[in-house]
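There are 2 protein chains.
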Amino acid sequence: MNKSLLLIDDDTELTALLCDYLSPQGYQLTLAHDGRQGLAMATSGQHFDVILLDVMLPQLDGFEVLKKLRQTHLTPVLMLTAKGDDFDRIFGLELGADDYLPKPFNPRELSARIKAIVRRMELLPATSQQQVLQIDRLKLDPSTQKASLADTELELTGTEFAMLHLLMSNLGKLVTKQDFSEKVLGRKLSAFDRSIDMHVSNLRRKLAMVAEEDRIRTIRGAGYMLVEIP
Amino acid sequence: MNKSLLLIDDDTELTALLCDYLSPQGYQLTLAHDGRQGLAMATSGQHFDVILLDVMLPQLDGFEVLKKLRQTHLTPVLMLTAKGDDFDRIFGLELGADDYLPKPFNPRELSARIKAIVRRMELLPATSQQQVLQIDRLKLDPSTQKASLADTELELTGTEFAMLHLLMSNLGKLVTKQDFSEKVLGRKLSAFDRSIDMHVSNLRRKLAMVAEEDRIRTIRGAGYMLVEIP
DNA sequence: AACCAATGTAAAGCTTGTGTAAAGGCATGG
DNA sequence: CCATGCCTTTACACAAGCTTTACATTGGTT
Numbered sequence: 001m002n003k004s005l006l007l008i009d010d011d012t013e014l015t016a017l018l019c020d021y022l023s024p025q026g027y028q029l030t031l032a033h034d035g036r037q038g039l040a041m042a043t044s045g046q047h048f049d050v051i052l053l054d055v056m057l058p059q060l061d062g063f064e065v066l067k068k069l070r071q072t073h074l075t076p077v078l079m080l081t082a083k084g085d086d087f088d089r090i091f092g093l094e095l096g097a098d099d100y101l102p103k104p105f106n107p108r109e110l111s112a113r114i115k116a117i118v119r120r121m122e123l124l125p126a127t128s129q130q131q132v133l134q135i136d137r138l139k140l141d142p143s144t145q146k147a148s149l150a151d152t153e154l155e156l157t158g159t160e161f162a163m164l165h166l167l168m169s170n171l172g173k174l175v176t177k178q179d180f181s182e183k184v185l186g187r188k189l190s191a192f193d194r195s196i197d198m199h200v201s202n203l204r205r206k207l208a209m210v211a212e213e214d215r216i217r218t219i220r221g222a223g224y225m226l227v228e229i230p
Numbered sequence: 231m232n233k234s235l236l237l238i239d240d241d242t243e244l245t246a247l248l249c250d251y252l253s254p255q256g257y258q259l260t261l262a263h264d265g266r267q268g269l270a271m272a273t274s275g276q277h278f279d280v281i282l283l284d285v286m287l288p289q290l291d292g293f294e295v296l297k298k299l300r301q302t303h304l305t306p307v308l309m310l311t312a313k314g315d316d317f318d319r320i321f322g323l324e325l326g327a328d329d330y331l332p333k334p335f336n337p338r339e340l341s342a343r344i345k346a347i348v349r350r351m352e353l354l355p356a357t358s359q360q361q362v363l364q365i366d367r368l369k370l371d372p373s374t375q376k377a378s379l380a381d382t383e384l385e386l387t388g389t390e391f392a393m394l395h396l397l398m399s400n401l402g403k404l405v406t407k408q409d410f411s412e413k414v415l416g417r418k419l420s421a422f423d424r425s426i427d428m429h430v431s432n433l434r435r436k437l438a439m440v441a442e443e444d445r446i447r448t449i450r451g452a453g454y455m456l457v458e459i460p
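Chains as they are written, first to last, in this note's numbering: chain A, 1 to 230; chain B, 231 to 460.
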């Protein structure tokens with residue numbers, strides 16, 4: 001486990017309490033005591049699994065932090081709102097918060113909600129994360145848009161790169177043509193559209209120029225799947 | 231948009247209110263007024279984007295419904311709990327609820343939470359929204375499009391896979407030929423169509439190559455049924 | 001027991017999905 | 001305005017697998 005949390009709250013009593021409660025459960029907490037500092041931490045490049053964000057904050061309130069954060073990051077946010085304030089909660093959810101918890105809260109409930117968020121995030125494919133992927137000798141780095149096989153760089157077009165990315169982040173899983181169309185080409189798959197097939201064909205050719213085995217398996221009537229060592 | 235919701239709640243006043251509120255927003259509501267009925271609807275094969283589930287229910291309480299549902303389905307569930315009952319909320323989340331909302335609630339908040347759940351589900355690849363089915367030594371995983379019996383992988387065609395899927399998700403229940411035709415082949419069953427029989431025959435042959443017993447029982451004049459250990 | 005209708009299944013026929021080359025389209029940048 | 005690179009469409013060959021046909025078998029009914 002060992003998840004990292006960013007707690008943005010100016011109530012030092014509460015933050016201390018949560019440190020005591022969450023640390024023994026294997027969470028690594030980082031603290032920020034005002035909105036500006038919290039936003040800076042959240043966007044610093046350091047990875048957080050969940051951000052706990054108070055609404056009432058000095059410098060920059062929780063909504064502002066959330067709004068700015070969502071312009072660049074998809075990190076899940078659990079908002080801590082004043083009790084019973086419907087408007088705050090609705091507003092937060094509409095801004096893209098993943099959950100909220102009215103204060104004062106039961107720490108066990110906080111823990112359960114963090115777990116629920118983490119569980120959901122783990123179901124997401126790595127595509128929505130920006131990490132370097134490696135499968136045997138096949139490497140792909142989203143930050144530099146470069147992919148290589150057996151230390152030979154592959155000359156991929158943007159679309160081919162995105163398709164390989166999607167395949168790699170779903171290793172051993174079926175990626176449907178619908179998924180390709182929607183996530184890579186950004187449109188609904190229409191009948192008789194052969195684009196996906198063409199991109200896969202090109203991708204296969206480029207991979208074959210470097211190594212023998214075809215790791216892209218066709219699932220007839222459904223889509224494609226990347227497999228380890230055929 | 232046009233999302234389908236299943237609302238399981240015995241408070242007819244509330245359900246009427248929610249119908250009035252949610253229908254104009256493009257939601258298609260289906261109602262169930264007790265737990266047993268709700269569970270039956272949820273597992274009937276009809277698709278729901280989100281299930282709204284009250285905790286206090288006649289026949290079968292919300293937790294029981296959730297627990298049973300989660301044995302076969304991953305449909306997102308938003309639980310409606312009595313206000314302030316921490317324990318209920320924590321328990322629900324741990325059973326696999328996606329969210330909860332304490333009663334009484336602001337309909338706008340309900341709407342915001344439904345939207346949040348739908349938004350999250352849409353980030354998931356289509357295939358991972360289904361769950362692995364296992365019956366004794368027979369396993370089926372929609373995300374990898376793989377089925378195995380006694381750890382031996384079965385080489386099924388797409389149609390055979392879909393038929394086995396339908397049989398497994400209706401363990402011990404009759405699956406009519408009409409169901410097969412409509413849900414797997416996507417057409418009305420016409421007289422003298424022997425396709426279903428052929429697919430079942432092929433499926434049986436492939437299963438028999440691995441294990442002896444025939445778990446697919448023929449219900450003469452009606453259809454087929456998968457049974458546990460014959 | 002005889003009959004009929006439904007089912008099991010092998011084999012043939014046919015539809016549909018896929019692989020890929022080649023041409024067309026559509027931007028971007030000299 | 002052409003050159004270039006990339007995405008899409010078109011076309012056709014091929015293979016997978018779905019459906020049909022035909023006949024054997026089973027189960028229920030009279």
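Don't be surprised by glycine CBs; every beta carbon is placed ideally from N, CA and C.
Would you call the CB atoms of A:A211 and A:L149 closer than 9 angstroms?
-> yes
Just to confirm, are A:T72 and A:T43 a CB contact at a threshold of 9 angstroms?
-> yes
What do you get for A:R89, buried or exposed, if any count of 16 or more other CB atoms within 10 angstroms of its CB means buried?
-> buried
Take the Cβ of A:P76 as the centre, count every other Cβ of all protein chains shown within 10 Å, and call the residue buried at 16 or more, exposed below.
-> buried
Note down, in chain order, each residue of its chain lying with its Cβ closer than 6 angstroms to the Cβ of A:L138, except the 5 sequence neighbours on either side.
-> L149
Is A:K188 buried or exposed, if buried means 16 or more other CB atoms sit within 10 Å of its CB?
-> exposed
Option nearest A:A97 by Cα separation, candidates B:L325, B:R350 and B:R338 | B:R350
Residues of chain B with a CB under 7 angstroms from the CB of A:G221: which are they?
-> G388
Residues of the segment 204-217 of chain A whose Cβ lies closer than 7 angstroms to any Cβ of chain B, in chain order | none
Beta-carbon spacing of A:L52, A:V65 below 9 angstroms | no
Validate contact between the segment 243-252 of chain B and the segment 212-226 of chain A using beta carbons, cut 8 angstroms, 3 pairs | no
Would you mind giving the Cβ-Cβ distance between B:M398 and B:I365, rounded to the nearest angstrom? I have them listed as a contact below 8 angstroms.
-> 6 angstroms
Between the CA atoms of B:L323 and A:L60 - distance to the nearest angstrom = 31 angstroms
Apart from the five residues just before and just after B:M271, which ones in its own chain have a Cβ nearer than 7 angstroms to its Cβ?
-> L236, T260 and A262
What three-state label does DSSP hand A:Q37 in the structure shown?
-> helix
Which residues mark the beginning and the end of the beta strand (DSSP E) in which B:P337 is found?
-> Premise fails: B:P337 lies in the alpha helix (DSSP H), P337 to L353, not in any beta strand (DSSP E).
So which residues of chain B does A:E64 contact, with C-beta pairs closer than 8 angstroms?
-> None at all; the shortest Cβ gap to chain B is about 19 angstroms.
The ligand GTP heavy atoms versus the CB of B:R367: any closer than 8 angstroms?
-> The model depicted lacks the ligand GTP and carries no ligand whatsoever.
Can you tell me where the beta strand (DSSP E) with A:R217 in it begins and where it stops?
-> I216 to I219
Can you tell me the Cβ-Cβ gap for B:L308 and B:L325, rounded? I've got them flagged as a contact below 8 angstroms.
-> Actually they are not in contact, since the Cβ atoms of B:L308 and B:L325 sit about 13 angstroms apart, beyond 8 angstroms.
Residues near B:G256 by beta carbon distance below 6 angstroms, same chain, minus five either side = M231 and N232
Could you list the residues in the segment 149-181 of chain A with a C-beta less than 9 angstroms from some C-beta on chain B, going in chain order?
-> L166, N170, G172, K173, L174, V175, T176, Q178 and D179
Simplified DSSP state of B:D329, which is helix, strand or coil = strand
In this structure, what does DSSP give as the bridge partners for B:A377?
-> B:L370 and B:L384
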